[in-house]
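Under the numbering used here, the first residue of the sequence shown carries the number 90, and numbering increases by one thereafter. No residue lacks a Cβ here, since even glycine has one placed at the ideal position from N, Cα and C. Scroll down for the structure; my scribbles are underneath it.
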Amino acid sequence: MKNFILLIALTLTTAACSQAGINQITTADLDKGIIDKGSPADLDKGVKAYENRDYSTALAEFYPLAKQGNTIAQNGIANMYYYGEGISQDYKQAAKWYKLAAEQGDAHAQYNLGVMYDEGLGVPQNYNQSFNWFYLSARQGEVDAQYNLARMFALGLGTAQNFSNSYIWFKIAGDGGDKDADRNRRNAARFMTAAQIIESRELAIQCLANNYKGC
90 MKNFILLIAL TLTTAACSQA GINQITTADL DKGIIDKGSP ADLDKGVKAY
140 ENRDYSTALA EFYPLAKQGN TIAQNGIANM YYYGEGISQD YKQAAKWYKL
190 AAEQGDAHAQ YNLGVMYDEG LGVPQNYNQS FNWFYLSARQ GEVDAQYNLA
240 RMFALGLGTA QNFSNSYIWF KIAGDGGDKD ADRNRRNAAR FMTAAQIIES
290 RELAIQCLAN NYKGC
């Protein structure tokens with residue numbers, strides 16, 4: 090669910106919300122090779138229960154796995170606290186569980202924690218923290234994080250304003266399928282020279298070709 094569409098020419102001097110809401114876990118996550126702790130069968134049962142909105146079963150399966158450090162289960166519990174699914178909504182608890190997964194390198198959790206710092210949900214609003222978590226997630230290919238990183242470069246939130254870097258990450262997010270990113274890349278280009286546009290386009294291509302190394 091997108092709640093932010095950046096129109097750079099109109100919003101450079103304003104604060105803004107994250108481009109997308111929290112990313113939820115799905116059975117697709119079970120194929121990503123990050124099931125490194127706990128029982129795969131229990132995790133599969135928990136994720137399927139979550140998708141079927143059987144939250145009591147999901148929580149019962151997720152909790153022991155999350156305590157063992159399983160990042161999918163930690164994300165699942167965080168999602169449930171964030172949305173109040175089967176338990177009382179609690180942004181602080183959501184942020185706690187996202188952080189546990191994010192610190193282990195989970196891209197979804199890093200993005201979700203970035204959203205919470207960006208919007209001041211469960212944690213004090215902190216654009217520096219938000220930028221850092223979006224950056225870590227973006228370099229793992231999380232498209233929503235890439236978009237938000239570009240947005241923060243454009244608006245100078247948590248980092249120095251830099252339209253070239255904004256262009257780079259909007260292009261990367263656009264190549265990943267985000268249609269808003271393509272439009273906002275063109276908006277960013279309005280504030281750049283032709284030489285800067287050419288250089289930024291090449292840097293975006295190199296970033297993807299090198300699997301985000303050096304980005």
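Task: Buried versus exposed, by CB contacts within 10 Å (16 or more), residue 282 - done: As a position in the sequence shown, residue 282 is number 193, starting the count at 1. Flag for residue 282 reads exposed.
Task: Proximity test, Cβ basis, 8 Å: residue 291 and chain D - done: No chain D is part of this structure, which consists of one protein chain only.
Open item on the list: I'd like the span of the alpha helix (DSSP H) that includes residue 203, first residue to last.
Closed with: Taking the first residue of the sequence shown as position 1, residue 203 is located at position 114. Where residue 203 is concerned, the enclosing alpha helix (DSSP H) stretches over 196 to 208.
Task: Limits of the unbroken alpha helix (DSSP H) element including residue 85 - done: Past the boundaries of the shown model lies residue 85; the chain is included only from 90 to 304, so the question cannot be answered.
TODO: On a CA-only basis, which of 258, 263, 198 and 203 is nearest residue 113? Give me that one, please.
DONE: Within the sequence shown, residue 113 is the residue found at index 24, counting from 1. Looking at the Cα atoms, 198 is the closest of the given residues.
Task: Simplified DSSP state of residue 249, which is helix, strand or coil - done: Numbered from 1 along the sequence shown, position 160 holds the residue referred to as residue 249. Coil.
Open item on the list: Does residue 296 come out as helix, strand or coil in the three-state DSSP assignment?
Closed with: For the purposes of this step, residue 296 is taken as the residue at position 207 of the sequence shown. Note: residue 296 maps to helix in three-state DSSP.
Task: Selection from 243, 250 and 193 that minimises the alpha carbon distance to residue 222 - done: In the sequence shown, residue 222 corresponds to position 133, counting from 1. It is 193 whose Cα lies nearest to the Cα of residue 222.
- [ ] For the alpha helix (DSSP H) holding residue 153, just list the boundary residues, first then last.
- [x] Along the sequence shown, one-based indexing puts residue 153 at 64. Run containing residue 153: 144 to 156, per the alpha helix (DSSP H) assignment.
Task: Closest residue to residue 217 among 211, 203, 160 and 157 (Cα-Cα distance) - done: For the purposes of this step, residue 217 is taken as the residue at position 128 of the sequence shown. If we check each option's Cα against that of residue 217, 203 comes out closest.
Open item on the list: Within a Cβ cutoff of 6 Å, which residues of the same chain sit near residue 178, ignoring the five residues on either side of it in sequence?
Closed with: Residue mapping note: residue 178 aligns to position 89 of the sequence shown, counting from 1. So the list is empty, once near-sequence residues are dropped.
Open item on the list: Let's test the definition: count the other Cβ atoms within 10 Å of the Cβ of residue 260 and tell me whether it reaches 16, buried, or not, exposed.
Closed with: Along the sequence shown, one-based indexing puts residue 260 at 171. Flag for residue 260 reads buried.
Task: Collapsed DSSP secondary structure at residue 281 in the structure displayed - done: Within the sequence shown, numbered from 1, the residue matching residue 281 stands at position 192. Coil.
Task: Reference residue 236; option with closest CA among 229, 263 and 211 - done: As a first step, residue 236 is located in the sequence shown; it is residue number 147 there, counting from the start. Nearest of 229, 263 and 211 to residue 236, Cα basis: 263.
Open item on the list: Can you determine whether any heavy atom of the ligand SAM sits closer than 7 Å to the C-beta of residue 224, and answer yes or no?
Closed with: As for the ligand SAM, it is missing from this structure, which has no ligand bound.
- [ ] Out of 182, 267 and 229, point me to the one whose CA is closest to residue 302's CA.
- [x] Sequence index remark: in the sequence shown, residue 302 carries index 213 (1-based). Closest option to residue 302, Cα to Cα, is 229.
Task: residue 220 beta carbon less than 8 Å from that of residue 246 - done: Counting from one through the sequence shown, the residue named residue 246 turns up at place 157. Counting from one through the sequence shown, the residue named residue 220 turns up at place 131. In contact: residue 246 and residue 220 (Cβ atoms closer than 8 Å).
Task: Local conformation of residue 302 per DSSP, three classes - done: Counting from one through the sequence shown, the residue named residue 302 turns up at place 213. Note: residue 302 maps to coil in three-state DSSP.
Open item on the list: I need the boundaries of the alpha helix (DSSP H) containing residue 213, first residue and last residue.
Closed with: Within the sequence shown, the letter at position 124 stands for residue 213. That residue, residue 213, is in no alpha helix (DSSP H); it is neither H nor E in DSSP.
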